[in-house]
Structure formats: C-alpha cells, structure tokens
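**Q** Mind having a look at this structure? Questions to follow.
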Amino acid sequence: MRAISPPIQKPRRMHRVLSSSKNQLHIAVFFFLLFLSTIANAQSLLPGESEEQKVAPTVAEDSLGRQTPRGAVSGFFKAVADQKYSRASQYMELSRGQRSERQRTKLVKSLQSLLDHGGDIMPYSWISNTATGRLDDELDPDADLVGSVTYNGKLINLFVTNTGKDDAPVWRFSAGTINEIAGIRTADPLLVDRILPEALRERLVGGVPLGHWLAVIILIIVAYLFSWALVALICFLLHALWSRARVEHVDAAIKALNLPVRLYLSVWVFAFLSQQAGISIIIRQRLSTLTVIIGILAILILFWRGTDYFGDLGKQRFTRLNRASAVSITLFLRRTIKGAIIVFGVIAILGTFGVDVRTGIAALGIGGLALALGAQKTIENFVGSVTLIADQPLRVGDLCKVGEHSGTVEQIGMRSTKLRTGERTVVTIPNGDLAATRIENLQHRDRFHFHHIFQLRTETTPAQLRTVLRELRATLDTNKMVFSEGKKVRFTGIGQGGYKVEVTAYVSAPNFDTFQEVQEGLLLSMMDVIVKSGTFLVLSSQTVYLQNVRNSAADESPKSES
12 MRAISPPIQK PRRMHRVLSS SKNQLHIAVF FFLLFLSTIA NAQSLLPGES
62 EEQKVAPTVA EDSLGRQTPR GAVSGFFKAV ADQKYSRASQ YMELSRGQRS
112 ERQRTKLVKS LQSLLDHGGD IMPYSWISNT ATGRLDDELD PDADLVGSVT
162 YNGKLINLFV TNTGKDDAPV WRFSAGTINE IAGIRTADPL LVDRILPEAL
212 RERLVGGVPL GHWLAVIILI IVAYLFSWAL VALICFLLHA LWSRARVEHV
262 DAAIKALNLP VRLYLSVWVF AFLSQQAGIS IIIRQRLSTL TVIIGILAIL
312 ILFWRGTDYF GDLGKQRFTR LNRASAVSIT LFLRRTIKGA IIVFGVIAIL
362 GTFGVDVRTG IAALGIGGLA LALGAQKTIE NFVGSVTLIA DQPLRVGDLC
412 KVGEHSGTVE QIGMRSTKLR TGERTVVTIP NGDLAATRIE NLQHRDRFHF
462 HHIFQLRTET TPAQLRTVLR ELRATLDTNK MVFSEGKKVR FTGIGQGGYK
512 VEVTAYVSAP NFDTFQEVQE GLLLSMMDVI VKSGTFLVLS SQTVYLQNVR
562 NSAADESPKS ES
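Take 12 as the starting number for the sequence shown in the working numbering and just add one per residue.
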C-alpha cells in the first residue's frame, strides 16, 4: 500500500565557553529561530502546496466539503463508512446514465471494492487542501492524483477534478476514473473475509467489520515482531561476519540505527500486509495519518541518535586532545541540533493533521533575523570559534603571532582567544577578528632558520679569511642538529666597517627553546673559530675610535717624556 507508507591542554579548570550566559542565550535562540526560518523557506520543497497556492482565493463553501481535493476524498470515505451511498456518489462526476439510485450505489461499491482489493489512497496530509489543488504535479490545473487501483494487472489511477467555477470549486472523482471502474466486477472475497467467522464479518464498527479491526491489531504485532527479528538477525550477522562491527564506535553506530530502522520497517511491513490481506480501505485510510506520523518519528529518532553518536565521537576525540573549548562547542551544537529536531518534528506532525503552521514559522523566522542583527558580533565570534576549531590554525599551547601581538595561546573560547605575551600580559582577541586575521604559528615549524652575519675587521688577511670560512663550514658540518641542505657560509662583501661573512643553515629542533640552545652553541663555536684564526669581529665605530685615541696617546707619551 504505497499511500500509507511514510515520508521518507589538560584543563586546569573548566574552560569558560562564553564570556557570559547572555551570549550563550543569544546564540542558542538565534540558531533556534534561524532553523525555523529555514523550515519556512523549505516548505515548498516538501509534499504540499506550491508558491502559487500560498495565498488561497476566497471561495464559496460547499455543503459536502468538496471545495478542496482533500475534502472531497475524506467526505467520500465518511459517507461510505456511514453506508450513505447516495451521498457518497455526489463525490463522483457522473454522466446522465449513471445518475439513477441503483447505478450510484453500484459505482460507489465498485470503487470501495477495488480499493479493498489492494487499492490505495494517498494519506490525507499528502492530498492538497486548497481550492486550486496542486499546481506543481505536471497535471492539468483542474486535476489531482489521489490514488490508484489494480485490476487484472492493469493500473488505474484515481483522479479528482474540479467541476465547479473558479469562485465555487467542486472537486469530485473524475468522469474518466468512474468510467474505467464502472465495468469491473470483483467477485473474489477478500483474504481476511475468508478467514474470519461470519459473526466478525457481519458486525460493523465504524462502517467496517469488527474482524477487520482485530486483524489490524494482529498485523501491527506481526509487523513489529518481523521487523524486530529481521533487524536482530542483521545485527547478529554483522557482528559474526564483519570484524569491524565489534569495534566500539562501529557497534555504537549499529545500535543507534536499530530502533529507527525497526520502526520504519514495521510501517512498511504493516502497510504491505494490510493491503495484501484486504483490510478495508476505510480502516487503512484512517490509519494512514498514524503510519505517516510513525514514519516521521522513526526519521526523527534516527537524526536524534545520529546527533548523539557523532556528538559523543567528537567529545571523546577532543577530550583526548585536551581541547576543552572544542568539547564545549560540540555539546552546545548537539543541544541546538536536538532542539531543531524537536521543532521540525512538531511542525511535520502538525502538518499531517492539516494544521497550517507556515504563518507562525515565518513570524518566528523574522524574529530570528531581527535577533541576528542585534547579536551580530556575538554570532560572528561564535562562527569564528567554529572556524578556528575546524581549521585549527592554532591550538592551546602554541606560540603564535597574531597581528602585532605575539604569545602563547592559553585558551580558545566560544567568544574569544587569549594569548600570554612575553611580558606576561594576557591579550584577548575576539574570534570573529581572529578568524579574519593573518595568524603566524611559530610552534609547529619543521625546522628553524639560523642566519647571522659576521663582520671581520679590515686588518683580516685573505689567508685568515679563508681559514674562517673553512672552519665555519666545518662547524656546521659537524653539528648533528644542522640539516645538510641549505648550509651556506659565504664572504658576501666589504662593508664600511669590515668584511662581511654570512652564515645560513636550518636547525632541527622540536621547539623554540631547543633551537635557542643549539644556536647558542653554534655562535660560541664560531666565535672560537674567528679568535683562533687571528682576527676579530668589528667593533662599533665609537669603540674603535676610542681605542685608536688610547693607542695614539700611548705612542706619543714616550716622545713627550724624552
């Protein structure tokens, strides 16, 4: 029965997630209302009315409720359940030769019998409830498809058409549909009627034999037990034949899928069994709304459990990485998504009862946009924090340079990030600004650049200079912390104060402190090389000048004494 099937750094204390509870409230309410706005915009994508149908024209009321396709179908089945066949025939577009009382009753019973023998009608929530019908179904504007029946392997679609005027629509089962079923005889008794005793077939409850109601209860139990056994068997086979199914996170995923799959499968099995057993279309149509709701609940449970599953995975991963701020955001997003699931579920379920909730949703969506404007910076900082966690340009404990500030990252919160500078001050940077700023991470360098220029005195001889160059290269070659590629020791020029020797290399070190230790050792070794070669580094011009004055005074003093 297709119509009844459902729609498819180890924290020293708990990091502060927001600077205040007010910020968290703004974010939560914003996402809540933004979701409602999204649902309002997505209504046109769901089975229902198109954009052209949102503003329904004012139409005259029909005494039989036939001003909409849904009203025509529901009115027909109500009249059949009450065994008022003459009234039920008024929901059919009959020709002149079909309007006798006998013909009317015969046509109504023929349609009912065909539907009982495996036919189906769409759930009421899927049938248009506007006077114009559905305009997005690629059918004539005055025709809507509401179900189908099968006879001798031939599929017969059931259409309702608008036979009234624009300001007074009257929807009925189309003349073409009535003509197709007029000559069909279904003499075979229903399967359920062949099994039931006569007493349960003759006693009617709600226009349906009592035995059919009892059969429905039995089929519900059978459908659930069958689905439970099938899902349990699949889980057993997965654990027995697939070794990864015994891994903790895979097993958790299988358990999360268990209940929603079982419920959804139960609905399909029940729909199939009730159709094949020949359960009265009156019962099946009354239960169609319930089956749709159960299908929606199964999907909602699937999303709910999926949110818990992925939330737990993220929480465990971030906990192992000592990223408390990421854990806080994960928990916050999980709560927000669950709230959205509840709202969507309420809207979907109300929609199955024919409640028009679009106006309220649109109002809440406008409220969400207004709140977004009022809390723009708060939302910007929250989105920035999510971006930082996803992209991970920096982590707690990293030495970074952000703009004009340099320091160690102490905390990444949902509103801001804190840096501890070399002066031991704390710089707080809003995450919205941080996500749009150039970030230089000094912590995760694969190597450190060693680059220094030594300036030797002009008294240095070429032989001394060659010795210095050779020994400086040897100093780099013998140090195991220096990479072999990129090493350069070059005499680069004659400056105003002396000869320039440039030394470039890359040092392997796990962090900046270790690099400074290696750099210190290399510089001291290179100073030893320069001293042993017999030359010296250039001193500042002022010091050199004073030294020359002293030397000159020392040279002249013996002359004056003599």
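All C-beta atoms, glycine included, are put in the ideal place defined by N, C-alpha and C.
By alpha-carbon positions, which one of Leu146, Leu166, Cys246 and Met425 ends up nearest to Asn173?
**A** Taking the sequence shown and counting its residues from 1, the one referred to as residue 173 is at position 162. Checking every option, the nearest Cα to that of Asn173 belongs to Leu146.
**Q** For Asn190, name the three-state secondary structure that DSSP assigns.
**A** Counted from its first residue, the sequence shown places residue 190 at position 179. Asn190 falls in the helix class under three-state DSSP.
**Q** So, helix, strand or coil for Tyr162, using DSSP?
**A** Translated into positions along the sequence shown, residue 162 becomes position 151. Three-state DSSP puts Tyr162 in a strand.
**Q** Using the Cα positions of Gly289 and Asn163, report the straight-line distance between them to the nearest angstrom.
**A** As a first step, residue 289 is located in the sequence shown; it is residue number 278 there, counting from the start. As a first step, residue 163 is located in the sequence shown; it is residue number 152 there, counting from the start. Distance between the alpha carbons of Gly289 and Asn163: 16 Å.
**Q** Closest to Thr428 by CA distance: which of Arg435, Arg406, Arg449 and Glu434 is it?
**A** Position 417 of the sequence shown, counted from the first residue, corresponds to residue 428. With distances taken between Cα atoms, Thr428 lies closest to Arg406.
**Q** On the three-state DSSP scale, how would you describe Arg316?
**A** As a position in the sequence shown, residue 316 is number 305, starting the count at 1. Reduced to three states, the DSSP call for Arg316 is helix.
**Q** If you drop the 5 nearest sequence neighbours on each side, which residues of the same chain put their C-beta closer than 7 Å to that of Ser536?
**A** Your numbering for residue 536 matches position 525 in the sequence shown. So the list reads Thr486, once near-sequence residues are dropped.
**Q** Within the continuous beta strand (DSSP E) that includes His455, where are the two ends?
**A** As a first step, residue 455 must be located in the sequence shown, where it is residue number 444. Looking at the DSSP string, His455 is not in any beta strand (DSSP E), and its letter there is neither H nor E.
**Q** Anyone know if the C-beta pair for Gln123 and Ile292 falls short of 8 Å?
**A** Translated into the one-based positions of the sequence shown, residue 123 becomes position 112. Translated into the one-based positions of the sequence shown, residue 292 becomes position 281. Against a cut-off of 8 Å, the Cβ pair of Ile292 and Gln123 comes out as a contact.
**Q** For Arg501, I'd like the list of residues in its chain whose CB is within less than 6 Å of its CB, leaving aside the five on either flank, ordered along the chain.
**A** Along the sequence shown, read from residue 1 onward, the residue named residue 501 stands at position 490. Around Arg501: Glu513.
**Q** Tell me which same chain residues have a C-beta within less than 8 Å of the C-beta of Glu191, skipping the five on either side of it?
**A** Numbered from its first residue, the sequence shown carries residue 191 at position 180. Excluding sequence neighbours, Glu191 sits near Ile167.
**Q** Name the residue from Ser106, Lys120 and Val272 whose alpha carbon lies nearest to the alpha carbon of Ala99.
**A** Here residue 99 is taken as the residue at index 88 of the sequence shown, counted from 1. Ala99 has its Cα closest to that of Lys120, out of Ser106, Lys120 and Val272.
**Q** Do you know how far the Cα of Thr546 is from the Cα of Glu470?
**A** Residue mapping note: residue 470 aligns to position 459 of the sequence shown, counting from 1. Residue mapping note: residue 546 aligns to position 535 of the sequence shown, counting from 1. Roughly 8 Å between the two C-alpha positions.
**Q** Can you confirm whether the stretch 294 to 312 touches the stretch 259 to 276 when touching is taken to mean that 3 or more C-beta pairs between the two stretches lie within less than 8 Å?
**A** Yes: at least three Cβ pairs fall under 8 Å.
**Q** Can you look up Asn220 in the DSSP assignment and give me helix, strand or coil?
**A** Along the sequence shown, read from residue 1 onward, the residue named residue 220 stands at position 209. It should be noted that the sequence gives Pro, not Asn, for residue 220. DSSP places Pro220 in the strand class (E or B) of the three-state scheme.
**Q** So the candidates are Ala83, Leu126 and Arg113; which of them puts its Cα closest to the Cα of Arg295?
**A** One-based indexing of the sequence shown puts residue 295 at position 284. Relative to the Cα of Arg295, the nearest Cα in the group Ala83, Leu126 and Arg113 belongs to Leu126.
**Q** What is the DSSP secondary structure of Phe502, reduced to helix, strand or coil?
**A** In the sequence shown, residue 502 corresponds to position 491, counting from 1. It is a strand residue.
**Q** Kindly identify the DSSP beta-bridge partner or partners of Glu513.
**A** Against the sequence shown, residue 513 aligns to sequence position 502. Looking at the DSSP assignment, Glu513 forms a beta bridge with Ile464 and Arg501.
**Q** Can you tell me where the beta strand (DSSP E) holding Lys491 begins and where it ends?
**A** For the purposes of this step, residue 491 is taken as the residue at position 480 of the sequence shown. Where Lys491 is concerned, there is no enclosing beta strand (DSSP E), given that its DSSP letter is neither H nor E.
**Q** Considering only the alpha carbon of each residue, which of Tyr235, Asp204, Phe237 and Lys95 lies closest to His223?
**A** Numbered from its first residue, the sequence shown carries residue 223 at position 212. It is Asp204 whose Cα lies nearest to the Cα of His223.
**Q** List in chain order: all unbroken alpha helix (DSSP H) runs of 4+ residues lying wholly within the stretch 81 to 154.
**A** Taken in chain order, the complete alpha helix (DSSP H) segments of 4 or more residues contained in the stretch 81 to 154 are 96 to 100 and 112 to 127.
**Q** Do Ala159 and Asp131 have their CB atoms nearer than 8 Å?
**A** On the sequence shown, position 148 is the one that residue 159 refers to. On the sequence shown, position 120 is the one that residue 131 refers to. In the sequence as displayed, the identity of residue 159 is Ser instead of Ala. Cβ atoms of Ser159 and Asp131: closer than 8 Å.
**Q** Might you give, ordered along the chain, the residues of its own chain that have their beta carbon closer than 8 Å to the beta carbon of Arg458, omitting 5 neighbours on each side?
**A** Locating residue 458 in the sequence shown gives position 447, where the first residue counts as 1. Answer for Arg458: Phe494, Tyr517, Val518, Ser519 and Ala520, listed in chain order.
**Q** Do Gln466 and Gly506 have their C-beta atoms within less than 8 Å of each other?
**A** Reading the sequence shown from its first residue, position 455 is the one you call residue 466. Reading the sequence shown from its first residue, position 495 is the one you call residue 506. Cβ atoms of Gln466 and Gly506: closer than 8 Å.
**Q** Count the other CB atoms, across all protein chains shown, that sit within 10 Å of the CB of Gln527; report buried if there are 16 or more and exposed otherwise.
**A** In the sequence shown, residue 527 corresponds to position 516, counting from 1. Looking at its Cβ environment, which holds fewer than 16 other Cβ atoms inside 10 Å, Gln527 is exposed.
**Q** Using only the heavy atoms of the ligand SAH, determine whether one of them is closer than 7 Å to the beta carbon of Gly433.
**A** Among the components modelled here there is no ligand, and therefore nothing to report on the ligand SAH.
**Q** Please report the distance separating the alpha-carbon of Thr302 from that of Gly322.
**A** Here residue 302 corresponds to residue number 291 of the sequence shown, with the count starting at 1. Here residue 322 corresponds to residue number 311 of the sequence shown, with the count starting at 1. Each residue's Cα considered, the two are about 30 Å apart.
**Q** Between the Cα of Leu202 and the Cα atoms of Ile352, His128, Lys491 and Thr188, which residue gives the shortest distance?
**A** On the sequence shown, residue 202 is found 191 positions in, with the first residue counted as 1. Ranking the options by Cα distance to Leu202, first place goes to His128.
**Q** To which residues of the same chain is Ile11 closer than 8 Å at the C-beta, ignoring the five residues directly before and after it?
**A** As displayed, the chain neither begins before 12 nor continues past 573, which places residue 11 out of reach and without an answer.
**Q** Determine the DSSP secondary structure at Ile304, reduced to helix, strand or coil.
**A** Residue 304 sits at position 293 when you count from the first residue of the sequence shown. Ile304 falls in the helix class under three-state DSSP.
**Q** With DSSP run on the structure shown, which of helix, strand or coil describes Ile390?
**A** Residue mapping note: residue 390 aligns to position 379 of the sequence shown, counting from 1. In this structure, Ile390 counts as helix in the three-state DSSP scheme.
**Q** What residue range does the alpha helix (DSSP H) around Phe364 cover?
**A** One-based indexing of the sequence shown puts residue 364 at position 353. Run containing Phe364: none; DSSP gives neither H nor E here.
**Q** Using DSSP bridges, identify the partner residues of Arg183.
**A** Within the sequence shown, numbered from 1, the residue matching residue 183 stands at position 172. BP columns for Arg183 point to Thr172.
**Q** With distances taken Cα to Cα, identify the nearest neighbour of Thr432 among Asp409, Asn490 and Gln101.
**A** Taking the first residue of the sequence shown as position 1, residue 432 is located at position 421. It is Asp409 whose Cα lies nearest to the Cα of Thr432.
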